[in-house]
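For the sequence shown, UniProt numbering begins at 1 and goes up steadily by one.
Beta carbons: idealized from backbone N, C-alpha and C, even for Gly.
Model, not experiment: these values are computed from the prediction.
What follows is a short report on a single structure.
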Amino acid sequence: MYYLSRISLPKGPQTQFPFTLQAFRELESMSFETPVTVFVGENGSGKSTLLKALAIKLNLPAIGSNDLESDETLEGVKSFGEAIITSWKKKAFRGFFFRAEDYFGFVKRLKNIDQEFKGDIVDFEKRLSGTGLKLAVGAVYGQKEALLRKYGDLTEVSHGEGFLKVLQGRLQAEGIYLIDEPEAALSPQRQLALFSLIKNLSENHGCQFIIATHSPILMTLPNATIYQFSDSIQKVNYEDTEHFTIMKNFLNNPEAFLRYL
1 MYYLSRISLP KGPQTQFPFT LQAFRELESM SFETPVTVFV GENGSGKSTL LKALAIKLNL
61 PAIGSNDLES DETLEGVKSF GEAIITSWKK KAFRGFFFRA EDYFGFVKRL KNIDQEFKGD
121 IVDFEKRLSG TGLKLAVGAV YGQKEALLRK YGDLTEVSHG EGFLKVLQGR LQAEGIYLID
181 EPEAALSPQR QLALFSLIKN LSENHGCQFI IATHSPILMT LPNATIYQFS DSIQKVNYED
241 TEHFTIMKNF LNNPEAFLRY L
């Protein structure tokens, strides 16, 4: 199953971001023909920019310290994102947008929520007594326990472990999920764990994923559509990506590369 089937992109002056990027001057539309779509390309090529713009257009909740509407880092793409025209095969009613760098903001948000829970308990103890106090405090502890069951204590695990726990806790069937450079937080082994999670959800649980990545591992997701961002945006095979070519050549003969570094 996939939900978003096509987008049409707005045009703008070449002096205005993101039309300062060559890829966006020429791209008029993009199709999503498989449950998994992967954006690849060099830093600054525009893949994350398009992913952010899509998140804004789809009004997806963000996993981080701020919601999309209050995230100052998205100001540069808001008008671009809002002008995108979307076509749907079927409307999705759940999903999220998650950037690797937003993980620590999300941990901070959970800590703030926990502090609010503690404040609520103190307030209840001042104002209530007897059965009313027990019910109110019990409700707060129930919410605390629900968050703990869902994510565990993210302050007690590594960045990569916590990042994967958040995804495991938030991904649900029949949703559309936009994930930006998850490999920044993950070892190769944990990238394989994420690979397995995405494969299962896209093949068996009706999920659609759009992922911007530099990871050759994630690029091999079965039947994924790969768009390579450079001077233009082209659909490519995995073996034709710059990432695959460079990594393969380097691993085959690292000494040859090291001589020129």
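DSSP three-state assignment for F97, whether helix, strand or coil: DSSP places F97 within a strand segment (E or B) once states are collapsed to three.
For the candidate residues K52, G169 and K91, whose alpha-carbon lies nearest to that of R149? Of the listed residues, the one whose Cα sits closest to R149 is G169.
Between which two residues does the alpha helix (DSSP H) carrying V122 extend? Its alpha helix (DSSP H) spans residues Y103 to R127.
Tell me, please, whether the segment 70–85 touches the segment 34–43 by the rule of three or more beta-carbon pairs shorter than 8 Å. Result no; under three Cβ-Cβ pairs closer than 8 Å.
Is it the case that the Cβ atoms of A23 and S45 are separated by a distance below 8 Å? In this structure, A23 sits near S45, with a CB-CB distance shorter than 8 Å.
Which stretch, first to last residue, makes up the alpha helix (DSSP H) that contains V137? First-last of the alpha helix (DSSP H) with V137: G130 to Y151.
According to the Cβ coordinates, are E242 and S215 closer than 8 Å? Cβ distance not < 8 Å, so E242 and S215 don't count as in contact.
Could you pull the start and end residues of the alpha helix (DSSP H) that F163 belongs to? Its alpha helix (DSSP H) spans residues H159 to R170.
To the nearest angstrom, how far is the alpha carbon of G138 from that of R109? Cα to Cα, the separation comes out at about 22 Å.
Whole-number beta carbon distance between A53 and I84, since they are thought to touch under 8 Å: The beta carbons of I84 and A53 sit about 6 Å from each other, so the pair counts as a contact at 8 Å.
K11 versus Y238 - alpha carbon distance: Rounded to whole angstroms, the gap between the alpha carbons of K11 and Y238 is 29 Å.
For G132, count neighbouring C-beta atoms within 10 Å of its own C-beta (all shown protein chains included) and say buried if the count is 16 or more, exposed if not. Classified as exposed, G132 has fewer than 16 neighbouring CB atoms from the shown chains inside 10 Å of its CB.
Separation of L135 from E125, as counted between CA atoms: Answer to the nearest angstrom: the Cα atoms are 11 Å apart.
Just list the residues that DSSP pairs F209 with in beta bridges. According to DSSP, which records beta bridges pairwise, F209 is partnered with V36 and Y177.
Residue environment, Y103, which counts as buried when at least 16 other CB atoms sit within 10 Å: It is buried - the Cβ of Y103 has at least 16 other Cβ atoms within 10 Å.
Is the CB-CB distance between F106 and G152 below 8 Å? With respect to the 8 Å criterion, F106 and G152 are not classified as neighbours on the basis of their beta carbons.
Nearest by alpha-carbon distance to E28: which of L258, F244, D240 and I233 is it? I233 is the residue among L258, F244, D240 and I233 whose C-alpha sits nearest the C-alpha of E28.
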